[in-house]
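*Asks:* Per this note's numbering, the sequence shown runs over residues 187 to 368. Next up is a structure, given as structure tokens.
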Amino acid sequence: MRRIYESGAIRRDEGPFSPSEKDTERRIEAMRSINSTKLSRLILPNGLSRRAISIDVSTPRDEYPLDAAIPFRVTMRNSMPFPITIPTRSPLLWTWDVDGVTDASHVPLHDPPDEPDSLVFDRGERKQFTKQWQQLFRVSDSEWEPAEPGEYTIGAELNVENAVEKGLRGETTVRLDPDTEA
187 MRRIYESGAI
197 RRDEGPFSPS
207 EKDTERRIEA
217 MRSINSTKLS
227 RLILPNGLSR
237 RAISIDVSTP
247 RDEYPLDAAI
257 PFRVTMRNSM
267 PFPITIPTRS
277 PLLWTWDVDG
287 VTDASHVPLH
297 DPPDEPDSLV
307 FDRGERKQFT
317 KQWQQLFRVS
327 DSEWEPAEPG
337 EYTIGAELNV
347 ENAVEKGLRG
357 ETTVRLDPDT
367 EA
């Protein structure tokens, strides 16, 4: 034991990493974080924010037999290398429709409050949502009408004023054909 102490291998409270020693000459090296979402909301004009977001609606096929569920995917993407915030009319951030009929229902399904909200996209973020249309239109609380053969447009848009003019809508067309196989 004596050799260890005499060799100087063990030093107590000496050296740059000892816990009892403080270096008051060093500056703090860590940066404070910035709320980039809030910053982009304050700095970016709404027109630029809206142009950064693209909405695409896609289906696995273009033609479907009657009475088959039609799955579709809504993809929203921020193409900018910084966060984007889109203010919406209510907490219901986006809606889908078939030929202009929201949620394929003539009966209102949602009654969101009249308080604004916002949809936040991180830099380069892509949001995907999947839904299905059962080829039915709701005409009352308990009645549904089947869709006739023909072409239908499935669309999705953000819950903002004039979403089409602002480029915040996407759509695709599907064909219902009784001769198409499942």
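Backbone N, C-alpha and C fix where the C-beta goes; we use that ideal spot for every residue, glycine too. Quick caveat, the model's predicted, so the values are computed rather than measured.
1) Count the C-beta pairs between the stretch 302-321 and the stretch 265-285 that are closer than 8 Å, then say yes if the count reaches three, no if not.
2) Alpha carbon to alpha carbon, what distance is there between Pro335 and Leu252?
3) Does the distance from the C-beta atom of Gly341 to that of Trp282 stay below 8 Å?
4) Under DSSP, the alpha helix (DSSP H) around Ser240 begins and ends at which residues?
5) Whole angstroms are fine: how far does the CA of Thr288 sit from the CA of Ala254?
6) Buried or exposed for Trp330, going by 16 or more other Cβ atoms inside 10 Å?
7) So which of Pro299, Pro231, Arg259, His292 has the shortest CA-CA distance to Gln314?
8) If you follow the beta strand (DSSP E) that Met262 is in, where does it begin and where does it stop?
9) In three-state terms, what does DSSP make of Leu234?
10) Would Asn232 be called buried (16 or more neighbouring beta carbons within 10 Å of its own) or exposed?
11) Does Asn372 pass the burial test, meaning 16 or more other C-beta atoms within 10 Å, or should it be called exposed?
12) What is the rounded straight-line gap between the Cα of Asn264 and the Cα of Leu354?
13) Name the residue from Tyr338, Glu351, Val350, Leu344 whose alpha carbon lies nearest to the alpha carbon of Tyr250.
14) Applying the 10 Å Cβ sphere with the 16-neighbour rule, what's the burial state of Gln321?
*Replies:* According to the structure data:
1) Result yes; three or more Cβ-Cβ pairs closer than 8 Å.
2) Those two C-alpha atoms are separated by around 7 Å.
3) Yes, Cβ-Cβ distance for Gly341 and Trp282 is below 8 Å.
4) Counting along the chain, Ser240 sits inside no alpha helix (DSSP H); it lies in the beta strand (DSSP E) bounded by residues 239-244.
5) Rounded to the nearest angstrom, the two C-alpha atoms are 20 Å apart.
6) Counting of Cβ neighbours within 10 angstroms places Trp330 among the exposed residues, the total staying below 16.
7) Nearest option by C-alpha distance: Arg259.
8) Counting along the chain, the unbroken beta strand (DSSP E) around Met262 starts and ends at 256-264.
9) Correct three-state label for Leu234: helix.
10) Burial call: exposed.
11) Past the edges of the chain, shown from 187 to 368, lies residue 372, and the structure says nothing about it.
12) In this model, Asn264 and Leu354 are separated by some 12 Å (Cα to Cα).
13) Of the candidates Tyr338, Glu351, Val350, Leu344, the one whose C-alpha sits nearest the C-alpha of Tyr250 is Tyr338.
14) By the 10 Å Cβ count, Gln321 comes out buried.
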